[in-house]
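Numbering (the working numbering), first residue to last: 680 to 965.
Each residue gets a CB set at the ideal place from its N, CA and C atoms; glycine is no exception.
Quantities reported herein were computed from a predicted structural model and do not represent experimental measurements.
Heads up, the thing below is written out as structure tokens.
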Ligand code: PMP
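So this is what it looks like as structure tokens:
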């Protein structure tokens, strides 16, 4: 994705897409000292842009990093990048990372914290699953304990097992994989949160061991506004067979129905799933 026309905002200024490079001894490349955001701009306005910028700074702090730009400066940089590329509808990817310093090693004291903001036009994350429902597998990897890694950070290190799980799932013809957490509870997919419907009520895993998605929080609020009961709680894998509908949420995924998990648990793309997907779509463009 490096050889194309366009502009990327990097360390305070716009650079040509092909020139947005880092040195091979960049600390982040070796030690995962990197945090990022995925956001969507709809009709010229980034949905919950400020919340994403705040989360980016918070993720950096969890990794002992301080981004040298304020939320306001990050907001301005995102719009500068979008304008330079002529986009009103695009995905926005901000990434903050430790660069190369005067020494190389695990310690990064004194290494500059750098910030880059790129974007691209990105349609439906799960392709035609948006209407047909995604078939997802179950990962052999577990979301780690908060005592192992800062699970609330949107940090590169947490994505190593996401890429491995996604590849394993895709190799078997699935769109994605669902993780259990370190305790065995149902957690999230590799880049999206998960929801279930049972007898008209919604159940979603408690976000105590994975990213509490901004889309997840938005969807919970939209459901409660409709008067629908939402239970945020620990969900056992044995409960999967009791749920009638299922969907994934994420900035890129938006609301994507799930038709089956591991070809064992099947779900209907029911009225509530279709309704919340449409409500979300209207909400982000409002
Ligand atoms: N979990 C993971 C692992 C993710 O990568 C994402 C996408 N950022 C989400 C959940 C959903 O988060 P959000 O709704 O904030 O995009």
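For a quick check, are the C-beta atoms of residue i and residue j less than 8 Å apart?
| i | j | result |
| --- | --- | --- |
| residue 924 | residue 949 | yes |
| residue 910 | residue 880 | yes |
| residue 955 | residue 902 | yes |
| residue 898 | residue 838 | no |
| residue 860 | residue 821 | yes |
| residue 963 | residue 710 | no |
| residue 712 | residue 777 | yes |
| residue 688 | residue 756 | yes |
| residue 726 | residue 719 | yes |
| residue 931 | residue 804 | yes |
| residue 944 | residue 913 | no |
| residue 922 | residue 889 | no |
| residue 806 | residue 841 | no |
| residue 702 | residue 795 | no |
Give every residue of the same chain whose Cβ lies closer than 6 Å to the Cβ of residue i, excluding the five residues on either side of it in the sequence, and list them in chain order.
| i | result |
| --- | --- |
| residue 818 | 844, 856 and 858 |
| residue 936 | 812, 926, 948 and 952 |
| residue 808 | 854 and 935 |
| residue 731 | 716 and 718 |
| residue 707 | 713, 776 and 777 |
Near residue i, which residues of its chain fall below 7 Å by C-beta distance, leaving aside the five closest residues on each side in sequence?
| i | result |
| --- | --- |
| residue 798 | 760, 761, 764, 766, 769, 770, 771 and 772 |
| residue 781 | 789 |
| residue 928 | 871, 872, 874, 892, 894, 895, 898 and 934 |
| residue 736 | 746 and 750 |
Name the DSSP bridge partner or partners of residue i?
| i | result |
| --- | --- |
| residue 797 | 772 |
| residue 927 | 873 and 935 |
| residue 968 | Since the displayed the chain opens at 680 and closes at 965, residue 968 lies outside it and no answer follows. |
| residue 857 | 817 and 868 |
| residue 792 | 777 |
Tell me which same chain residues have a C-beta within less than 8 Å of the C-beta of residue i, skipping the five on either side of it?
| i | result |
| --- | --- |
| residue 907 | 879, 880, 881 and 951 |
**Study point:** Contact between the region 696–703 and the region 735–745 (3+ Cβ pairs under 8 Å)
**Key:** no
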